[in-house]
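Chemist: In case it helps, the numbering used here puts the sequence shown at residues 55 to 168. For each residue, glycine too, the CB sits at the ideal point set by N, CA and C. Note that the structure is a prediction, hence the values are computed from the model and not measured.
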Amino acid sequence: MRPGGQPNLQQMMKQAQKMQQQMAAAQAELAEAELTGTAGGGLVTAVVRGTGEVVSIKIDPKAVDPDDIETLEDLIVAALHNAAQAAKDLTEEKMGPLTAGLGGLGGGLGLPGF
């Protein structure tokens, strides 16, 4: 703070720029990360990127029963949910520390997206 309680705008801008660079790096890391979710003891495996994009689904032939397609469908959904949770956890791990301090940045400047 400057004399008279005025914030140092140049310092705040440098901090915001540094935080923006860190966020961009974290987002790039998330885009490249691949997370795996499984269901049915590994009968179905789903791989998603940190952004949520589905990369692949693997189904063990033992999970395929023509008379019980509903179970296979449920296993696929469960594996996708499991992978999506892993992606969410990674996002919180990477972005949480960066966004935690934004509430008070600049005395509540109301920055869009934060």
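From the DSSP output, read off the bridge partner residues of I111.
Modeler: Paired residues: A100.
Chemist: If you draw a straight line from the alpha carbon of A132 to that of Q74, how long is it in whole angstroms?
Modeler: 35 Å
Chemist: Would the beta-carbon of T105 fall within 8 Å of that of A85?
Modeler: yes
Chemist: With H, G and I counted as helix, E and B as strand and the rest as coil, what does DSSP make of E83?
Modeler: helix
Chemist: Please state whether the Cβ-Cβ distance between Q76 and L152 is less than 8 Å.
Modeler: yes
Chemist: Report yes if the CB atom of L126 is closer than 8 Å to the CB atom of V118, and no otherwise.
Modeler: The answer is yes: Cβ separation under 8 Å.
Chemist: When DSSP labels each residue in this structure, what does T105 get in the three-state scheme?
Modeler: coil
Chemist: Between the C-alpha atoms of Q65 and K112, what's the straight-line distance to the nearest angstrom?
Modeler: 51 Å
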